[in-house]
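Asks:
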Amino acid sequence: MNIDPMKPEVDHELARKVKRDRILLNNPVVMQGLGLAPLVVAAINVKNATMLAVAVALLLTPTRVIAAFLSRFSYFRFRGLTYAVTSAAVYVGVIWVMEHLFTSADITLLGLYLPLLVADPIILKRYERPQRERIHTAFRKGIITTAGYVMAMYVTAVLREFLGTGAVLGHTLLKTPLFPMAQLPSGGFIVLAFIIVVWRGGVNIVKRQMGLGAKQQA
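Set out below in structure tokens:
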């Protein structure tokens, strides 16, 4: 039996590429199950998804960067508290911006799932890592993670709005909704589960293709 000495190195490089891709191949929602509650309950249409996307964009990266900086000056055992307090402090600015971008009536549509972003795993999960995070790494990964989360949010919201109301962005496409239950949290679970199954299936296909290409290249 011939053993390719380059195979472990190729597989390791492939794994690194997949891990770095937080948008498609290692999406935080689809592959890691982070931040599910807002998608299941609040992301019932594109309008709500847009408000949530703005909130996550303003909260995730600044929290990660500031917490990474503050962790340098505190006991590392308290990193969980550092991330949580930082997230709560950043949220004060986030809600101020949200109130200037959207109406109070629109923001109330998100219910408690807007303030709950402060303690959402998508925001705080980084503190579980045993290593300190560099500031530039925190910024880069924060941006990529935000992009992946927002993509999954919009895919979910568009599909739920279309299935539940027969419209997208207020434009009627179907006279009769295909799946009105999609507007409810229970329907949100079903729609999101379908998205995850299809998305993961596509990821597995891409991974196999990448693996095959890498082996041939080696």
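In our numbering, the protein residues as written are 226 to 443.
Just so you know, even glycine gets a beta-carbon here, dropped at the ideal spot from N, CA and C.
(1) Identify which residue in 378, 370, 250 and 371 has its Cα closest to the Cα of residue 268.
(2) Since residue 332 is in the alpha helix (DSSP H), which residue starts that stretch and which ends it?
(3) Between the C-alpha atoms of residue 329 and residue 290, what's the straight-line distance to the nearest angstrom?
(4) Residues bridged to residue 392 by DSSP?
(5) The alpha helix (DSSP H) spanning residue 255 covers which residue range?
(6) Entirely within the segment 245-322 and at least 4 residues each: give me those alpha helix (DSSP H) ranges in chain order.
(7) Straight-line CA distance for residue 279 to residue 433?
(8) With hydrogens ignored, establish whether the beta-carbon of residue 328 is closer than 7 Å to any heavy atom of the ligand FAD.
(9) Report yes or no: do three or more beta-carbon pairs, one from the segment 312-327 and one from the segment 270-286, lie closer than 8 Å?
(10) Residues in the same chain with beta-carbon distance under 6 Å from residue 370, minus the five sequence neighbours each way, listed in chain order, please.
(11) For residue 306, is the classification buried or exposed, using 16 other Cβ atoms within 10 angstroms of its Cβ as the cut-off for buried?
(12) Taking the beta carbon of residue 284 as the centre, do at least 16 other beta carbons fall within 10 Å, making it buried, or is it exposed?
(13) Using C-beta distances below 8 Å, list every residue in its chain close to residue 345, excluding the 5 sequence neighbours before and after it, in chain order.
(14) Does the distance from the CB of residue 428 to the CB of residue 250 come in under 8 Å?
(15) Nearest to residue 270 by alpha carbon, out of 367, 405, 340 and 419?
(16) Helix, strand or coil for residue 434? Go by DSSP, reduced to three states.
(17) I need the DSSP call for residue 356, collapsed to helix, strand or coil.
(18) Could you have a look at residue 405 and say whether DSSP puts it in helix, strand or coil?
(19) Does the Cβ of residue 430 have 16 or more other Cβ atoms within 10 Å, making it buried, or fewer, making it exposed?
Replies: According to the data block:
(1) 378
(2) 329-333
(3) 29 Å
(4) 397
(5) Looking at the DSSP string, residue 255 is not in any alpha helix (DSSP H), and its letter there is neither H nor E.
(6) 261-266 and 271-295
(7) 35 Å
(8) Among the components modelled here there is no ligand, and therefore nothing to report on the ligand FAD.
(9) yes
(10) 247 and 253
(11) exposed
(12) buried
(13) 259, 260, 262 and 263
(14) yes
(15) 405
(16) helix
(17) coil
(18) helix
(19) exposed
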